[in-house]
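Protein chains in written order, with this note's numbering: chain F, 1 to 353; chain E, 354 to 706.
Using N, Cα and C, we set each Cβ at its ideal position, and we do this for glycine too.
Here is the structure we will look at, set down as structure tokens.
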DNA sequence: CACTCACGTGGATACGTTTTCAAGCATCTC
DNA sequence: GAGATGCTTGAAAACGTATCCACGTGAGTG
């Protein structure tokens, strides 16, 4: 276990000052002669600059943080892979945390990242704007992915919020009352995705369409309400908390309380999974008895029988773009990137029976 | 964007020296009086010790590294969740990397971690012992999870290697020629798991059983060979490279070249997915035409129809245990933890037609 | 009372890097 | 030829912490 060479060792061995070594290795100016010698010595000593010294000096840790709700959810796995791909190509480390969709855990993780002086963060937010205020106040460069945090409690108004979210999707500023956080984001075009799904089901003759949502699906719910048109049958909009159990309970409860529904839109792959399971348990055939569209395309969607019709959103791309955004934090950044979704018709939707 | 308070600020505000503050906050000795005052001042200033300074001083980054092949693979998602759960309860950061099962990328990531002075690492190794030598030589505390790296090329002897692996599973030292790496590990009892699967299929009357493997499945293959008994029909043992495409190609090729096989054991969930897909594409009915057992239990195994019979391995536990091991790196650590597997019979296996 | 011992404390140092600053030197311009 | 200009260079100062060491004080012991 040999100890690593420091910049000082290189400087001595090359007969120059440490400043020169640092300059050469950071791409600063130096005469070709010394540059060559420093490079040679560094290679020969197998010198690798210590991130520790650099970080302390610049008072910031390189790389970026990444906060997702659950790595067991394939969609977030895809998103994480996208982030890691971008980080790898930049040679930057990624410190990751799993929030379990719990604002409290999220807060703790933010605190931990602050302690580490990680000043760039990509997050699928669980908490509301209030949870995130400390991070941006501390000067973190934050990029939200997949969803936006809810507005702070005092100004949370279901009506207005829904309108805001929809307007945001259109790239409009929602209102004179400023948005709580000014943080760029990379999200899918949930409104178009949900609308396409609902229209597709409508075209098949479905009238009683349910929505199965989870945490962070506010924009999708709003889009669903809009696509279905008023008045919305509130019993047909149900939520799970994010765990598989709760998703199953929600799906099962929905099917039992409303046997008259003929189609359901699942707001995420965990909910879609729950819907398939619950339907089977209740002897509902897909798509004969009930049609199903799932948000998120995941490899196993094709394995179900029938294969699941889905609204695909580019998880990997979302991660990659978010990482790009957080890295190029200099210059003007777009306030929000909206990626397209795609309806992939497989076999889980049929005409209304 | 206010700047953070440093230990110096706290010391001045409390009228003590920085050394005292450091001691109080690190649990060192101090008089109750000063301790109380320091704590109060620290809280009032909202002081959080900077990990940067501490890291540089102790010449090591806290927390741990985590290297997995692919976060899109649900099993590794589970494993990562286990690691994160343990790390969170210890308040330690985790820097993650995805290797794509590529030794070269793995090497680069190890280099990056070294540069960050991360000295504790949990890895699902892609490269062989040679790839890992630099890490342990640099003094890293490494724990392997899910699999062990292959022995270095020069001494790689298929026969001997297989024997070694099997002996290792029994907890025996393989040979007088020492093992290349002395690194603790947390793995599933692949031998028992595969043996159970093969015996189960045998009991259903199957004789031509194939194995569909991927990278890192050496121990599983060896166990398969042992369970099937010599002579092994080599055409029935095929491999993918880790990507979904290659897994599909391997499965499809297997089914086409050997229509006489009646059962297949997939060495991992990606391979299982590929097998289901390929079988369907070729109009092979499961389990009527071909029985299927998949290694790894994943939520969607239950969604297939028929639901997949699987050998479950505790991915989350493996991650948690590995993290525990790497954290309690003091004291004597067990050389290897072997976790039990469980055959979960669902509907993808039937009697030989 | 002198001496030791234990303990609480603060000053100083080191960790490895980047960056500022001024100095040295060669070249160019008037 | 004198002054100005540009480039290369190294010494030194941070960054925020943990820890070594020496100092003082109080209690306990002979």
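| said: Would residue 572 (chain E) and residue 544 (chain E) be called neighbours here (beta carbons separated by less than 9 Å)? | reply: Against a cut-off of 9 Å, the Cβ pair of residue 544 (chain E) and residue 572 (chain E) comes out as a contact.
| request: Would you verify that the beta carbon of residue 433 (chain E) is, or is not, closer than 9 Å to some beta carbon of chain F? | output: yes
| query | Among F:273, F:267, F:110, which has the Cα closest to the Cα of residue 245 (chain F)? | reply | F:273
| said: Against chain F, which members of the region 575-599 of chain E pass a CB distance test of less than 8 Å? | reply: Those would be 597, in chain order.
| field | Burial state of residue 698 (chain E) (16 or more Cβ within 10 Å) | value | exposed
| Nearest CA to the CA of residue 680 (chain E): which residue from E:577, E:488, E:440? | Of the listed residues, the one whose Cα sits closest to residue 680 (chain E) is E:440.
| query | If you count every other CB in all the chains shown that lies within 10 Å of the CB of residue 528 (chain E), and 16 or more means buried, which is it? | reply | Its pLDDT being 43, under 50, residue 528 (chain E) is placed unreliably in this model, and the value from its coordinates should be taken loosely. Under this definition residue 528 (chain E) is an exposed residue.
| request: Express the C-alpha separation of residue 336 (chain F) and residue 352 (chain F) in angstroms, rounding to a whole number. | output: 38 Å
| request: Output yes if chain F places a C-beta closer than 9 Å to the C-beta of residue 662 (chain E); else output no. | output: For residue 662 (chain E), the answer is no, since every Cβ of chain F falls outside 9 Å of its Cβ.
| request: Using a Cβ-Cβ cut-off of 9 Å, state whether residue 551 (chain E) counts as contacting chain F. | output: no
| query | Of all the CB atoms in chain E, is at least one closer than 9 Å to the CB of residue 296 (chain F)? | reply | no
| said: Which same chain residues end up closer than 7 Å to residue 109 (chain F) when comparing Cβ atoms and leaving out the 5 residues on each side of it in sequence? | reply: 67, 97, 99
| said: Please return the same chain residues whose Cβ sits closer than 8 Å to the Cβ of residue 204 (chain F), not counting the five positions on each side in sequence. | reply: 263, 291, 349, 350, 351, 352
| query | According to the neighbour-count rule (16 or more other Cβ atoms, all chains shown, within 10 Å of its Cβ), is residue 434 (chain E) buried or exposed? | reply | buried
| query | Are the CB atoms of residue 668 (chain E) and residue 418 (chain E) nearer to each other than 9 Å? | reply | no
| said: Does residue 140 (chain F) come out as helix, strand or coil in the three-state DSSP assignment? | reply: coil
| query | Do residue 297 (chain F) and residue 312 (chain F) have their C-beta atoms within less than 9 Å of each other? | reply | yes
| message | Looking at residue 426 (chain E): is its Cβ nearer than 9 Å to the Cβ of residue 621 (chain E)? | response | yes
| What are the boundary residues of the beta strand (DSSP E) that residue 117 (chain F) is part of? | Counting along the chain, residue 117 (chain F) falls outside any beta strand (DSSP E), and DSSP gives it neither H nor E.
| query | If we ignore side chains and look at the alpha-carbon of each, how far apart do residue 303 (chain F) and residue 635 (chain E) end up? | reply | 14 Å
| message | Please identify, using Cβ separations under 9 Å, the residues of the region 412-425 of chain E that lie next to chain F, in order along the chain. | response | 412, 413, 414, 415, 416, 418, 419, 423, 424, 425
| query | Can you tell which of F:256, F:94, F:271, F:45 has the C-alpha that lies nearest to the C-alpha of residue 213 (chain F)? | reply | F:271
| query | Using 9 Å as the limit for Cβ to Cβ distance, is residue 529 (chain E) near chain F? | reply | Annotation note: pLDDT 43 at residue 529 (chain E) (below 50); position unreliable, no value reported.
| query | DSSP puts residue 600 (chain E) in a beta bridge; with which residues? | reply | Looking at the DSSP assignment, residue 600 (chain E) forms no beta bridge with any residue, so it has no partner.
| query | If you check the beta carbons only, do residue 117 (chain F) and residue 48 (chain F) fall under 9 Å apart? | reply | No. Outside cutoff.
| task | Provide the residue(s) that pair with residue 373 (chain E) in DSSP beta bridges, ordered along the chain. | result | Residue 373 (chain E) is not bridged to any residue.
| task | Measure the alpha-carbon distance for residue 329 (chain F) versus residue 124 (chain F) and round it to whole angstroms. | result | 18 Å
| Pick from E:660, E:654, E:653: whose alpha carbon is nearest that of residue 640 (chain E)? | E:660
| Taking Cβ-Cβ distances below 7 Å as the criterion, which residues of the region 686-701 of chain E are in contact with chain F? | none
| said: For residue 591 (chain E) and residue 601 (chain E), what's the separation of their Cα atoms in angstroms? | reply: The C-alpha of residue 591 (chain E) lies about 11 Å from the C-alpha of residue 601 (chain E).
| said: Strictly below 9 Å CB to CB, what residues from chain E border residue 84 (chain F)? | reply: 424, 449, 450, 451
| Of all the CB atoms in chain F, is at least one closer than 9 Å to the CB of residue 525 (chain E)? | With a pLDDT of 46 at residue 525 (chain E), under the threshold of 50, the modelled position of that residue is not reliable, and the figure given next carries that caveat. Closer than 9 Å: no.
| query | With respect to the beta strand (DSSP E) encompassing residue 452 (chain E), which residues constitute its N-terminal and C-terminal limits? | reply | No beta strand (DSSP E) contains residue 452 (chain E), which DSSP labels as neither H nor E.
| request: Determine the DSSP secondary structure at residue 695 (chain E), reduced to helix, strand or coil. | output: Residue state, collapsed to three classes: strand.
| said: I'd like the list of long-range same chain contacts for residue 454 (chain E), defined as Cβ closer than 6 Å, with 5 residues on each side in sequence excluded. | reply: 422, 479, 568, 595
| task | Could you tell me whether the Cβ atoms of residue 607 (chain E) and residue 589 (chain E) are closer together than 9 Å? | result | yes
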